[in-house]
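Asks:
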Amino acid sequence: MGAISTASLPDIVFMLLFFFMVATVLRTEEEQVKVIRPEVSELYKIEKKHLIRYINVGYPQDKRYGNEPVIQLNDAIASVEAIQGWVDKQRETIDERERSKMWVSLKVHKDAKMGVVTDIKQELRQASALKVLYSAGQRDRTE
Amino acid sequence: MARRTLPEINAGSMADIAFLLLIFWLVTTTIDSDEGIKRQLPPPITDEIDPPPVRERNVFVVLVNANDDLLVEGDELKIGRLKQKAKDFLIANGDGLLYGDRPQDPDLPVRERISKSFVKQKVAEYTAYVTGAEDEIEKDNFQKVLDNWRKKLRSIELLGGEFKMLPGSAIISMRNDNNTTYDAYLQVQNELEAAVNELRDELAVAKFGNTYKQLEDEYELNSENVELLDRIYAIRLVYPQRISEAEPSAAAN
Chain A
925 MGAISTASLP
935 DIVFMLLFFF
945 MVATVLRTEE
955 EQVKVIRPEV
965 SELYKIEKKH
975 LIRYINVGYP
985 QDKRYGNEPV
995 IQLNDAIASV
1005 EAIQGWVDKQ
1015 RETIDERERS
1025 KMWVSLKVHK
1035 DAKMGVVTDI
1045 KQELRQASAL
1055 KVLYSAGQRD
1065 RTE
Chain C
347 MARRTLPEIN
357 AGSMADIAFL
367 LLIFWLVTTT
377 IDSDEGIKRQ
387 LPPPITDEID
397 PPPVRERNVF
407 VVLVNANDDL
417 LVEGDELKIG
427 RLKQKAKDFL
437 IANGDGLLYG
447 DRPQDPDLPV
457 RERISKSFVK
467 QKVAEYTAYV
477 TGAEDEIEKD
487 NFQKVLDNWR
497 KKLRSIELLG
507 GEFKMLPGSA
517 IISMRNDNNT
527 TYDAYLQVQN
537 ELEAAVNELR
547 DELAVAKFGN
557 TYKQLEDEYE
567 LNSENVELLD
577 RIYAIRLVYP
587 QRISEAEPSA
597 AAN
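For the record, the sequence lines run as chains A and C.
If you count by the numbering used here, then the first sequence holds residues 925 to 1067, one letter each, in order.
If you count by the numbering used here, then the second sequence holds residues 347 to 599, one letter each, in order.
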């Protein structure tokens, strides 16, 4: 009885590897701020990820930006005033037919103060980006 | 011709190498999760518009101060009890279905029973308007109102009885301080959302055998299913989700 040939095993595994490489999206953005999201029970999941754009608010990794939560748009730390321009640019990257369905996901550190979040919300309203997701982790409902 | 024997390369370790690569990839890539609480922001206000007067009893006021303490309807409250309090507000004097009738409370809104015969009469009325409309615009407007009354009639049939509706001005209003932490803010939003969701789930399970979320998920997969949409609409009609936030200028005081 001959041994079972394992010669094709590497091919199979490589196939799997390539599948995962293609299927997973690499994070292109560098994390400039540290965000620990709050945990809530009433989660809503957005299926169409290509419609989501992210605003991160958290403690800067680079201490030159201070010790208070700052805003990160794409790859860089930005001011609140930059949001309207950013929203307009992001809209351009979405297919015309789906532009009105754009979501802005706010990834905010749980210890951040509401002042900065309220400012961001006001800017989003001015830019007519009204669909907002407060990004959060999952926990169970309390009794 | 001399027969050359090719030296065989041992490929046994190839699988191990590939596995290592695969595992490395699996560990290092993070699959982004995009979950959270969704909200529709109000459009920006252009002019100074005086808000319409609201009756005190129709507004459920939640205030959060800089120390993350809650003031609900004028009383201090622990966050653990917020959900129940919000549910009591939404149930008010009973929804006419699962929560039947409850005594009226001067601090809570008054739900009013919508009678089937009245809705039927309205449907007939607007059907006549639509057929008698003079131009297309008028016809469209009447059609919209007619559709609304039809949906109400359908909801009564689906829910198996006349129910009591919340007044249109009944809302949950939240206001926070600039120094409130984001966590506290989101937990309050979450509890308010949970209150609505739980009431909707209870009703949906009792009437249709599915939770409200299941209905919505199913509809997402099968958006041609009109029956499902009618059910979702009926649940929403009894328990509308109206959570509003105060304008920040007002919140600063």
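Every residue, glycine too, gets a C-beta built ideally from N, C-alpha and C.
Computed from a predicted model, the values in this text were never measured in an experiment.
Residues of chain C with a CB under 9 Å from the CB of A1060 (chain A): which are they?
Replies: Ordered by position in chain C, the residues that pass the 9 Å Cβ test against A1060 (chain A) are E381, G382, I383, L532 and N536.
Asks: Check each residue of the segment 498 to 510 of chain C: if its Cβ is closer than 8 Å to any Cβ of chain A, include it; give the result in chain order.
Replies: So the list is empty, because no residue satisfies the distance condition.
Asks: In whole angstroms, give me the CA-to-CA distance for I995 (chain A) and P962 (chain A).
Replies: For I995 (chain A) and P962 (chain A), the distance between alpha carbons rounds to 17 Å.
Asks: Residues bridged to A1000 (chain A) by DSSP?
Replies: Per DSSP, A:L997.
Asks: For Q1050 (chain A) and chain C, any beta-carbon pair shorter than 8 Å?
Replies: Yes, Q1050 (chain A) lies at the interface with chain C (some Cβ there is under 8 Å from its Cβ).
Asks: In the structure shown, what three-state DSSP assignment does M1026 (chain A) receive?
Replies: Coil, per DSSP.
Asks: For the alpha helix (DSSP H) that Y1058 (chain A) lies in, which residues bound it at each end?
Replies: Here Y1058 (chain A) belongs to no alpha helix (DSSP H); instead the beta strand (DSSP E) covers K1055 to S1059.
Asks: If you drop the 5 nearest sequence neighbours on each side, which residues of the same chain put their C-beta closer than 8 Å to that of S590 (chain C)?
Replies: Correct list, in chain order: P388, I517, I518, S519 and M520.
Asks: Would I578 (chain C) pass as a contact of E566 (chain C) if the rule is Cβ separation under 8 Å?
Replies: No; because the gap between Cβ atoms is not below 8 Å, this pair is not in contact.
Asks: For the beta strand (DSSP E) containing D421 (chain C), name the first residue and the last one.
Replies: D421 to L423 is the span of the beta strand (DSSP E), which, as asked, contains D421 (chain C).
Asks: Grab me the residues of Y978 (chain A)'s own chain with a C-beta within less than 7 Å of its C-beta, minus the 5 sequence neighbours each way, in chain order.
Replies: Within the same chain, Y978 (chain A) has close Cβ partners S1029 and K1031.
Asks: Do you know how far the Cα of K431 (chain C) is from the Cα of E402 (chain C)?
Replies: The straight-line gap from Cα to Cα measures roughly 16 Å.
Asks: Kindly provide the ranges of any alpha helix (DSSP H) runs that are 4 or more residues long and lie completely inside the segment 473 to 557 of chain C, ordered along the chain.
Replies: Listed in chain order, they are 482 to 505 and 528 to 554.
Asks: Against L372 (chain C), what residues of chain A qualify as contacts under a CB-to-CB distance less than 7 Å, listed in chain order?
Replies: Correct list: F944.
Asks: Using the C-alpha atoms, what's the distance from N404 (chain C) back to D453 (chain C)?
Replies: Using only the alpha carbons, I get a separation of about 8 Å.
Asks: Starting from E1016 (chain A), trace the alpha helix (DSSP H) both ways and give me its first and last residue.
Replies: I1007 to E1016 is the span of the alpha helix (DSSP H), which, as asked, contains E1016 (chain A).
Asks: Under 8 Å, do I460 (chain C) and K498 (chain C) count as touching if we go by C-beta distance?
Replies: Yes.
Asks: Pull the bridge partners of A982 (chain A) from the DSSP assignment, please.
Replies: Checking the sequence shown, residue 982 (chain A) turns out to be Gly, not Ala. G982 (chain A) is bridged to A:V994.
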